[in-house]
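Below is one structure; the comments refer to it alone.
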Amino acid sequence: MHDGVALVDMTSSEPAVTHIMPEGNSVGGVTSLGNDVFVVRYPTSQQIEVYDAVTFTLQRWLAVPQLGSLSRGLAVCPSNKCIYASDWDNNSVHRVELSGSNAVMKWSVASMPAGLSVNRAQNLLVVSRGERKLQEFTTHGTLLQNIELPSHIGSPWHAIDCEGSSYSKLPWTERPSGDEHDFSFWFSSGQTWKHFCRGCGEPQTVGDRWFTEECS
Numbered sequence: 001m002h003d004g005v006a007l008v009d010m011t012s013s014e015p016a017v018t019h020i021m022p023e024g025n026s027v028g029g030v031t032s033l034g035n036d037v038f039v040v041r042y043p044t045s046q047q048i049e050v051y052d053a054v055t056f057t058l059q060r061w062l063a064v065p066q067l068g069s070l071s072r073g074l075a076v077c078p079s080n081k082c083i084y085a086s087d088w089d090n091n092s093v094h095r096v097e098l099s100g101s102n103a104v105m106k107w108s109v110a111s112m113p114a115g116l117s118v119n120r121a122q123n124l125l126v127v128s129r130g131e132r133k134l135q136e137f138t139t140h141g142t143l144l145q146n147i148e149l150p151s152h153i154g155s156p157w158h159a160i161d162c163e164g165s166s167y168s169k170l171p172w173t174e175r176p177s178g179d180e181h182d183f184s185f186w187f188s189s190g191q192t193w194k195h196f197c198r199g200c201g202e203p204q205t206v207g208d209r210w211f212t213e214e215c216s
């Protein structure tokens with residue numbers, strides 16, 4: 001399978017695809033910082049592609065030694081000037097400096113790490129699909145939180161910290177439904193979980209409206 005990366009202009013009233021980067025191996029994750037767009041593919045070839053955000057041309061590669069063949073997530077932290085890549089095969093996260101040295105470090109996480117994101121505290125959120133966990137790490141890999149997700153969250157994939165929301169952690173799961181994939185959102189604040197779901201009888205606008213207002 002060969003995938004490209006589509007760039008969408010979200011500044012107009014009618015968002016539209018403005019460019020499609022060259023096709024290659026399947027895309028595992030995309031993120032950006034300044035004029036750079038970072039893409040990890042699988043098999044990874046132990047590297048991250050770096051594209052120019054204006055011309056969309058490939059500029060260079062970031063070497064990530066020991067990165068497994070499958071990475072399901074990228075996240076960048078402007079404050080710490082680094083990029084993170086999840087390593088599905090080796091149950092770890094790799095951190096690459098973006099300050100010029102491109103020094104690499106890694107640490108172990110719960111099994112089958114998928115989506116990554118950076119929260120308001122500039123820490124890394126890691127979703128474990130294999131163990132249904134949401135983990136929070138400092139930028140150098142110190143574990144701060146190890147949250148067991150409810151059993152009814154079958155296959156968590158990603159989590160974000162929504163600024164201004166009382167429900168900060170947002171893991172989501174997808175599940176097959178006929179020929180399509182439904183998804184559900186689980187919002188957590190302390191010990192309280194709130195659920196919105198497409199395809200399970202609730203009005204679609206409820207979840208969309210809540211997400212738009214609380215996470216804007």
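Residues in the sequence shown are numbered consecutively from 1, following the working numbering. For each residue, glycine too, the CB sits at the ideal point set by N, CA and C.
In the three-state reduction of the DSSP assignment, residue 114 falls in the strand class, which pools E and B. If you ignore the 5 residues before and after residue 128, its C-beta comes within less than 7 Å of the C-beta of 109, 110, 111, 112, 113, 135, all in its own chain and listed in chain order.
Here residue 48 is buried, its C-beta having at least 16 other C-beta atoms within 10 Å.
Within the DSSP bridge table, the entry for residue 31 names 38 as partners. Under the DSSP assignment, residue 133 falls in the beta strand (DSSP E) whose first and last residues are 133-137. Counting only the Cα atoms, residue 123 lies some 15 Å from residue 86. The segment 62-73 makes contact with the segment 28-44, as at least three CB pairs between them are under 8 Å. The Cβ atoms of residue 44 and residue 58 do not sit closer than 9 Å to each other. Per the C-alpha coordinates, the member of 106, 99, 90, 101 positioned closest to residue 84 is 106. Excluding its 5 nearest sequence neighbours in each direction, residue 37 has C-beta neighbours in its own chain below 6 Å: 51, 53, listed in chain order.
Classified as exposed, residue 121 has fewer than 16 neighbouring CB atoms from the shown chains inside 10 Å of its CB. Taking the Cα positions, residue 140 is about 22 Å away from residue 61. Distances from the CA of residue 103 to each of 125, 14, 64 were compared; the closest alpha carbon is that of 64. Looking at 17, 12, 42, 15, the one whose alpha-carbon comes closest to that of residue 26 is 42.
No Cβ-Cβ contact shorter than 9 Å links residue 125 with residue 153.
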